[in-house]
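Some notes on the structure that comes next.
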Amino acid sequence: MSQSEPRAWETVLNHLEQQLVSGHLAPGQRLPGERVLAAELGVGRSSVREALRVMEALGLLTAQTGSGPTAGAMIVSRPTGGMSMLMRLQVAAQNFPVSDVVQTRLVLETEVMRALAASDPTPDLSHAEQLLDAMDDATLAAHEFLVLDARFHIAMADAAGNPVIAAMMTGLRDSIESYVLAGAPLTTWPTTCTRLRCEHRGLLEAVRAGDPELARARIVEHIRGYYAESLGRPDAPEREHPRPRV
8 MSQSEPRAWE TVLNHLEQQL VSGHLAPGQR LPGERVLAAE LGVGRSSVRE
58 ALRVMEALGL LTAQTGSGPT AGAMIVSRPT GGMSMLMRLQ VAAQNFPVSD
108 VVQTRLVLET EVMRALAASD PTPDLSHAEQ LLDAMDDATL AAHEFLVLDA
158 RFHIAMADAA GNPVIAAMMT GLRDSIESYV LAGAPLTTWP TTCTRLRCEH
208 RGLLEAVRAG DPELARARIV EHIRGYYAES LGRPDAPERE HPRPRV
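To get this note's numbering, take the position in the sequence shown, counting from 1, and add 7.
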């Protein structure tokens, strides 16, 4: 087999991709059985299993063993695991510098905040506010707070109505969270936690005020300050001074 010729499991993967693109397969739908796919594509069942394992690792499907209506592989309605895994591996291998990942997050989240603040009427932010209320719990450990923090930022992206940005933000955040947890000084965490709570509320205020420039300035200050403090990176982008709160 030449280097340009796809391997058997790649043939299966390409076939399933085309089925998704064409609409013959859709989120929530179960895939044909291994035997059916193997016969249809002229490959061994082991190649089918390998392709399905790749899709499962990427978060594109979930597999249930056994028999019956719930058994087999099903397309996930909103996959994000693959992007998170890719980002984590790329950052770990130092192919993606953390500073570049942070800069990309800035690009995405400034657009999210601009879109939210410019929307009329203001999008539903109730889920994001519920997460902020949960973050007010003084008994939360640092890692528990950061899980809710990440969900808050994703909820804001969801409210802006762009699922691609939301998925990318999940991958970016997950890829550097271990660095944040390792670098965050526990002695100053209570102060950091209090500041983050205040900044999160400020983001909602800017959106509800309908001020895109204020919303953009606040998210830039929030993200840059967060990583500059937790990672102690001299190459972190310089912090901006946001306008006073309204």
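Idealized CB from N, CA, C, for every residue including glycine.
Computed from a predicted model, the values in this text were never measured in an experiment.
Per DSSP, the beta bridge partners of residue 70 are 80.
Between residue 126 and residue 40, the alpha-carbon positions lie close to 45 Å from each other.
Taken in chain order, the complete alpha helix (DSSP H) segments of 4 residues or longer contained in the segment 35-63 are 41-48.
Boundaries of the alpha helix (DSSP H) harbouring residue 156: 149-167, taken from the DSSP string. Per DSSP, residue 140 is one residue of the alpha helix (DSSP H) stretching across 133-142. Look at the beta carbons and you see the segment 138-151 not touching the segment 111-126: under three pairs across the two are nearer than 8 Å.
Apart from the 5 residues on each side of it in sequence, residue 110 has no Cβ closer than 6 Å to any other Cβ in its chain. For residue 197, the enclosing alpha helix (DSSP H) stretches over residues 196-215. By a beta-carbon distance limit of 8 Å, residue 81 does not contact residue 30. Their separation comes to about 16 Å.
For the 8 Å CB-CB criterion, residue 130 and residue 166 form a contact. Residue state for residue 31 is assigned as coil, using DSSP reduced to three classes. Burial check for residue 14: the Cβ neighbour count within 10 Å stays below 16, so the residue is exposed. When the alpha-carbon of residue 226 is set against those of 66, 115, 95, the nearest one is in 115. Rounded to whole angstroms, the separation of the alpha carbons of residue 27 and residue 61 is 16 Å. Each of 169, 113, 202, 16 was checked against the Cα of residue 223, and the nearest Cα belongs to 113. Selection 71, 235, 231 evaluated against residue 117 yields 231 as nearest (Cα-Cα). In the three-state reduction of the DSSP assignment, residue 126 falls in the coil class.
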